[in-house]
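Working notes, structure below.
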Amino acid sequence: MEKMYFTSESVTSGHPDKICDLIADSILDEAIRQDPDSHMAVEATIKDDFILVYGEAGTKAVIDYAAIAKKVLKDIGYTEDYQVLVKVNKQSAEINNAVLDGEISAGDQGIMFGYASDESKGYMPFAIDCAHMLAKKLEEVRRQDPRLRPDGKTQVTAEYIDGKVARVDTIVVSTQHTKDITQKELHDLIIEKVIKPVVDPKFLDENTKYLINPSGSFILGGSFGDSGTTGRKIVVDSYGGYAPIGGGCFSSKDPTKVDRSAAYYARYVCKNLVANHLCRRCQLQLSYAIGEPRPLSIHLDTFGTSEYTDEQLLDIINRNFDFSVSNIIKELDLKRPIYTETTNYGHFGKPWLPWEQIKELSR
Numbered sequence: 019m020e021k022m023y024f025t026s027e028s029v030t031s032g033h034p035d036k037i038c039d040l041i042a043d044s045i046l047d048e049a050i051r052q053d054p055d056s057h058m059a060v061e062a063t064i065k066d067d068f069i070l071v072y073g074e075a076g077t078k079a080v081i082d083y084a085a086i087a088k089k090v091l092k093d094i095g096y097t098e099d100y101q102v103l104v105k106v107n108k109q110s111a112e113i114n115n116a117v118l119d120g121e122i123s124a125g126d127q128g129i130m131f132g133y134a135s136d137e138s139k140g141y142m143p144f145a146i147d148c149a150h151m152l153a154k155k156l157e158e159v160r161r162q163d164p165r166l167r168p169d170g171k172t173q174v175t176a177e178y179i180d181g182k183v184a185r186v187d188t189i190v191v192s193t194q195h196t197k198d199i200t201q202k203e204l205h206d207l208i209i210e211k212v213i214k215p216v217v218d219p220k221f222l223d224e225n226t227k228y229l230i231n232p233s234g235s236f237i238l239g240g241s242f243g244d245s246g247t248t249g250r251k252i253v254v255d256s257y258g259g260y261a262p263i264g265g266g267c268f269s270s271k272d273p274t275k276v277d278r279s280a281a282y283y284a285r286y287v288c289k290n291l292v293a294n295h296l297c298r299r300c301q302l303q304l305s306y307a308i309g310e311p312r313p314l315s316i317h318l319d320t321f322g323t324s325e326y327t328d329e330q331l332l333d334i335i336n337r338n339f340d341f342s343v344s345n346i347i348k349e350l351d352l353k354r355p356i357y358t359e360t361t362n363y364g365h366f367g368k369p370w371l372p373w374e375q376i377k378e379l380s381r
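Here the sequence shown stands for residues 19 to 381, where the numbers follow the working numbering.
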């Protein structure tokens with residue numbers, strides 16, 4: 019019997035890095051709403067009551083960057099007054115020409131990974147799937163209980179036996195709160211309102227450990243407790259560390275940026291291979307170069323979980339999927355303002371997103 023442990027974490031929308039991701043994706047959605055051909059890479063940094071919005075934009079849209087940033091903070095639940103400094107330049111003509119020279123090409127070089135497995139209903143690794151569900155539930159509970167505040171994190175350690183999830187070993191939940199709740203009240207609230215409604219009891223036993231605000235008091239949070247920057251939660255955004263990640267983040271980038279769109283397409287391919295029972299676990303690496311419309315390389319690994327060889331599976335992939343940037347944007351219909359839907363609780367595993375759809379494959 020082979021035993022192993024694997025841990026993944028998630029965060030709520032009030033985490034400083036996620037504040038900045040949401041500002042960036044809100045700006046992107048507004049640009050695409052006005053001009054679907056917008057080329058955007060506008061990010062944010064926050065500390066205390068100061069927000070810096072910066073980057074490059076190639077768009078016909080008229081955008082009030084400061085107003086969007088302030089609305090994001092208000093919608094999350096922060097009530098402080100924020101100062102916003104905007105430093106957004108027009109996108110480099112050299113990059114724009116490389117992307118639009120004939121067929122749409124990659125906006126940068128880079129590597130991207132897709133992954134899927136059958137260990138959860140959403141074809142995601144168990145630990146990150148569970149951590150996201152806990153973070154989402156924590157968000158719901160704090161919006162109903164004024165004693166809880168927006169900043170929060172979750173973490174799940176899964177125990178595997180012979181490659182399959184056997185139980186949850188440890189759950190960590192840290193949540194910002196007011197002075198009006200004791201640590202005992204907080205512990206009981208999180209157990210009853212967050213953990214029990216989310217985690218399947220078959221994975222919990224008398225040895226499961228629950229660490230609720232293990233550092234103690236967590237009153238000072240958000241940007242006043244830590245700084246935040248767009249793109250610093252790429253492990254949370256992808257597969258919780260269970261699969262490799264590419265070199266770039268997702269939030270802020272329009273679909274010509276293959277860091278985002280090709281990573282989505284790689285997930286689409288992997289999920290379809292697993293959902294069509296061609297393998298139980300699948301990882302795909304793509305590589306692109308700026309100005310090139312198609313990937314330079316495709317690497318597949320099914321970890322010995324398929325009756326097919328990797329070469330046979332690559333033939334099936336090539337018959338059913340087109341990795342050109344133009345097709346990725348068209349097939350997944352990415353010139354739409356859908357990106358704020360991806361910002362929190364992972365970019366993968368949400369069944370309504372286009373790269374999560376399952377189709378019948380020609381073999």
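Cβ coordinates follow ideal geometry from the N, Cα and C atoms, glycine included.
Query	Result
Pull the bridge partners of Y133 from the DSSP assignment, please.	Q301
Can you pull the DSSP bridge partners for L64?	It should be pointed out that residue 64 corresponds to Ile in this sequence rather than to Leu. Per DSSP, I69, G246.
Which residues share a DSSP beta bridge with A75?	M58, K108
Grab the span of the alpha helix (DSSP H) containing I316 for me, first residue to last.	Premise fails: I316 lies in the beta strand (DSSP E), 315-319, not in any alpha helix (DSSP H).
Please go through the same chain and pick out, in chain order, the residues whose beta-carbon is closer than 7 Å to the beta-carbon of S135, but skip the five residues on each side of it.	Y141, P143, V292, R298, R299
Taking 7 Å as the threshold (C-beta atoms), are V191 and T172 in contact?	yes
Candidates T320, N336, N290: which alpha carbon is nearest R312's?	N336
Apart from the five residues just before and just after K227, which ones in its own chain have a Cβ nearer than 6 Å to its Cβ?	T188
With 7 Å set as the bound, which would you pick, yes or no: does the beta-carbon of H365 sit closer than that to a beta-carbon of chain C?	Among the chains of the structure shown, chain C does not appear; only one protein chain is present.
If L302 and C288 are in contact, beta carbons under 8 Å, what's the gap, nearest whole angstrom?	5 Å
Could you give the distance in angstroms between the alpha-carbon of T320 and the alpha-carbon of D328?	7 Å
Around the Cβ of V186, are there at least 16 other Cβ atoms within 10 angstroms (buried) or fewer (exposed)?	buried
Around the C-beta of T360, are 16 or more other C-beta atoms found within 10 angstroms, so that it is buried, or is it exposed?	buried
Who are the near neighbours of L222 in its chain, counting only those whose CB is closer than 8 Å to its CB and skipping five residues on each side?	R185, V186
Using the DSSP secondary-structure output, state which residues sit across from S26 in a beta bridge.	V174
Using DSSP with H/G/I as helix, E/B as strand and the rest coil, what is I213?	helix
When you compare the stretch 60-69 with the stretch 29-41, are there three or more beta-carbon pairs, one atom per stretch, that lie closer than 8 Å?	yes
If you reduce the DSSP assignment to three classes, tell me which class T358 lands in.	helix
Comparing C-alpha positions only, which one of G76, M130, R167, L238 sits nearest to P262?	M130
Can you list, in chain order, the residues of its chain with a C-beta nearer than 6 Å to that of P54? Leave out the 5 residues immediately preceding and following it.	K353
Which partner residues does L166 have in the DSSP bridge list?	H195
I need the boundaries of the alpha helix (DSSP H) containing L379, first residue and last residue.	From DSSP, L379 is part of no alpha helix (DSSP H); its letter is neither H nor E.
Considering just the uninterrupted stretch of the beta strand (DSSP E) at L229, what are its terminal residues?	227-230
State the Cα-Cα distance for the pair L204 and I347, rounded to the nearest angstrom.	45 Å
Using the Cα positions of G264 and I230, report the straight-line distance between them to the nearest angstrom.	32 Å
Which residues does DSSP pair with K182 in a beta bridge?	I179
Could you tell me if P34 is buried or exposed, where buried requires 16 or more neighbouring beta carbons within 10 angstroms of its beta carbon?	buried
What's the gap between the Cα of D218 and the Cα of L331?	34 Å
When we look at the beta-carbon of Q101 and count the other beta-carbons within 10 Å, is it buried (16 or more) or exposed?	exposed
From the DSSP output, in three-state form, read off I81 for me.	coil
In the structure shown, what three-state DSSP assignment does Y282 receive?	helix
Looking at V276 and I122, is the spacing between their C-beta atoms short of 7 Å?	no
Compute the distance between the beta-carbons of S269 and D43, then report whether it is under 7 Å.	yes
Across which residues does DSSP place K21 in a beta bridge pair?	I179
Who are the near neighbours of D47 in its chain, counting only those whose CB is closer than 6 Å to its CB and skipping five residues on each side?	P355, Y357, T358
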